[in-house]
Every structure is written in C-alpha cells, then in structure tokens.
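Contents: one structure, followed by commentary.
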Amino acid sequence: MRSHGMASRAGLFALAFVPLVMTHLCCGVTPVLPQVPVPEPDTARQEPPPDSSEVVDSPDIYGSLGLNLAVAFPFGEFSRNVSAGWGLTGDFSLRLVPSGWLGLRIDGGVIWYGHETIHDLVYLSRVPIDIETTTENYVVQGALGPQLHFAGHPMSARVYGLVGMSLFETRSSAKFDTEDSDLPTIQLGSHGHLSDWTPSLTIGGEVRWVFAGSRDGFLAGLGLNVEWRRHGATRYLVEGSITEVNGRPVFEPLESRIDFLLISIGLWGGTW
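Structure (structure tokens):
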C-alpha cells in the first residue's frame with residue numbers, strides 16, 4: 012500500500028478511536044479493578060471459618076499477557092520506499108500500584124516489510140537445478156515503559172509510552188530442487204546482508220474487552236492496539252536493493268528516518 016492518503020486516513024481514524032473510548036470510560040463507567048487486599052490491624056483480625064466456601068484467594072501478582080496480529084502503515088520518507096507490512100507482537104503488563112491505575116508495559120515483536128523470491132536455473136551434469144533465493148526485510152523491536160489504566164467493564168483502556176531498540180535486518184535463504192524425484196529439496200542456509208540497530212519511541216493506546224473470567228481472578232478477552240513508532244535515521248534494504256553484477260550481489264541500502272503506525276488485534280489473558 013503506497014497511497015499516502017489512504018494510510019493517513021486510516022491512521023487518523025485509529026488514533027481518534029482510542030481517546031473517544033477513554034473519555035467514555037472516564038465519564039460514565041464504574042471502575043472494576045480488583046483491589047490488592049490490605050491487612051486489618053491485629054486487634055481486629057479474624058480468621059475465616061475453615062469450612063467457609065465464600066473465601067476467594069486473591070492473586071499475589073496482577074499482570075496480563077497479550078499476543079497480536081499487526082499491520083504497519085509507513086509514513087514520511089519511509090512510505091516512499093516500502094508498502095504496508097505485517098507481523099506478530101506481544102505485550103506483558105504488570106501492575107505497579109495497588110489501585111491499578113499505573114503499570115509497567117513490555118512490548119516486543121517482529122514486522123516484515125518486504126519479501127522477494129528469485130529463481131535461477133543452472134545445470135549440473137545436464138541435470139537442471141532450480142535455485143530459489145528468498146530475501147526478507149524485517150524489523151525486530153523490544154521496548155518498555157509506564158502504562159496508565161482506565162478501568163471499566165466489559166471494556167477498559169490503557170495509554171502507554173515506551174522506549175526501546177529496534178533491529179532492521181535483511182536476510183536471504185536459498186534452496187534448490189531438481190527434476191529427479193529421488194533427490195530431496197536441499198536447504199543451502201541463510202545469510203544476513205545488512206543489520207542496523209536504532210532507538211525507538213512508541214506512544215500508544217489499547218482498548219480491551221473482557222469475554223470470560225471474574226473480577227478477582229483470571230480474565231480473558233480481545234484487545235485492540237494503536238501505536239505510533241518513531242525511529243532515528245536507519246539504513247535498510249527493500250525489494251530491488253539487491254542486484255547482480257558480473258555474478259556477484261550488489262547492495263544498495265537506503266537511509267531515512269522510519270515512522271509508522273502499527274495497528275494490532277489479538278487475545279489477552281491475566282489478572283489485571
């Protein structure tokens with residue numbers, strides 16, 4: 012997707028959706044965060060009867076884990092070189108204060124923004140061999156930072172800011188096939204052509220729906236994340252950046268600041 016207008020409209024719509032939901036939660040939804048139990052003074056402590064069936068064990072740690080499918084929309088100079096990408100992301104959240112409004116968020120994932128396959132036919136002792144070379148361009152990111160939680164039921168929202176590092180890499184793998192069915196496909200291995208580390212800054216929001224679980228126990232549901240990611244100037248390869256001159260590969264890396272909007276949806280589970 013190389014249309015700036017379409018990507019911009021999708022990004023503005025997604026960025027506007029999360030604040031509207033948070034406003035709704037802050038104005039009219041009763042908080043349902045499970046509270047960390049506070050022990051009573053010794054003089055008023057009473058042990059529950061051994062046969063009580065209403066006692067609920069509260070978890071020692073409040074946290075959640077999510078796994079998402081993501082689509083990345085490039086912006087700025089980066090959008091002139093690549094189209095939309097896709098990938099997998101994961102997040103882990105941990106409550107930092109008993110009331111639950113502040114937490115720590117750790118994000119990670121991989122986004123593929125280019126894929127190219129080239130076939131070369133060579134002959135070995137008159138046997139035709141098809142050599143298939145696949146080149147993938149991707150970015151791996153890890154980041155962490157504070158998170159604000161706006162509680163509601165069955166919907167809640169989160170806002171977070173993260174700092175981290177991203178690795179932009181291009182890697183090729185090769186294999187060959189023959190017309191002889193007795194010979195299996197042979198993998199020739201993989202090789203990294205270009206790797207570049209760069210710091211990243213992420214500002215995002217998440218809306219969560221609860222599908223199952225209890226307030227004081229394990230919860231499970233669906234989550235929608237919208238993130239803006241900014242990177243510094245980075246060298247990277249795209250489709251067509253690897254050419255062949257006199258039988259040898261020639262690399263023509265690009266360099267630009269990398270900004271993109273990441274929209275992801277997936278499942279989450281946890282106690283908060």
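Read left to right, the sequence shown gives residues 12 to 283 (the working numbering).
The beta carbon of each residue, even a glycine, is placed where N, CA and C say it ideally should be.
Quick caveat: nothing in here was measured; it's all calculated off a predicted structure.
Throw me the rounded Cβ distance for the residue i and residue j pair, which I believe falls under 8 Å.
i	j	result
ALA154	VAL174	6 Å
GLY232	VAL221	4 Å
GLN82	TYR124	Sequence check: residue 82 is Val here, not Gln. Rounded, the Cβ-Cβ distance is 11 Å, inconsistent with contact.
LEU278	GLY77	7 Å
GLY120	GLY98	6 Å
Would you mind working out which of the options sits nearest residue i, comparing C-alpha positions?
i	options	result
ASP181	ILE122, LEU99 and ASN236	In the sequence under discussion, the amino acid at residue 181 is Thr, which differs from the Asp named in the question. Looking at the Cα atoms, ILE122 is the closest of the given residues.
ARG246	ARG226, LEU230, SER267 and LEU235	SER267
LEU248	PRO264, LEU235 and GLY234	PRO264
GLY234	ASN92, ILE276, SER94 and PHE179	ILE276
THR209	PHE179, SER225 and ALA223	PHE179
MET176	SER110, SER167, GLY96 and ALA244	ALA244
ASP71	HIS164, GLY215, VAL108 and ASP207	VAL108
PRO163	GLY111, ALA95 and GLY96	According to the sequence as given, residue 163 is Gly; it is not Pro. Of the candidates GLY111, ALA95 and GLY96, the one whose C-alpha sits nearest the C-alpha of GLY163 is GLY111.
GLY215	ASN148, LEU272 and GLY280	LEU272
ASN148	SER167, GLY224, ASP207 and HIS160	ASP207
ALA223	GLY280, HIS160 and PHE161	GLY280
Go through its chain and collect everything with a Cβ distance to residue i's Cβ below 6 Å, but skip five positions before and after it.
i	result
TYR73	ARG106, THR282 and TRP283
GLU217	ARG169, GLY234 and ASN236
Residue range of the beta strand (DSSP E) that residue i falls in?
i	result
ALA231	230-247
GLU266	265-281
Taking 8 Å as the limit between beta carbons, can you name the residues of its chain near residue i, skipping five residues before and five after?
i	result
ASP270	PRO85, PHE86, GLY87, PHE89, TRP239, ARG240, ARG241 and HIS242
GLN158	SER104, LEU113, GLY114, LEU115, ARG116, ARG169, VAL170 and TYR171
GLY101	LEU76, GLY77, LEU78, ASN79, ASP118, GLY119 and GLY120
Looking only at its own chain, which residues have a Cβ that is under 7 Å from the Cβ of residue i, when we skip the five neighbours before and after it?
i	result
THR34	Bear in mind that the predicted position of THR34 carries a pLDDT of just 46, short of 50, making it unreliable; the figure below should be weighed with that in mind. So the list is empty, once near-sequence residues are dropped.
VAL93	PRO85, TYR124, GLY125 and VAL249
LEU285	This structure gives no information on residue 285, because the portion of the chain shown stretches from 12 to 283.
PRO165	TRP220 and VAL221
GLY96	ALA83, ILE122, TRP123 and TYR124
HIS15	Any reading at HIS15 must be qualified, since the residue scores a pLDDT of 48, below 50, and its modelled position is unreliable; no value is offered.
In chain order, each beta strand (DSSP E) run of at least 3 residues that lies wholly inside the stretch 65-103: 74-86
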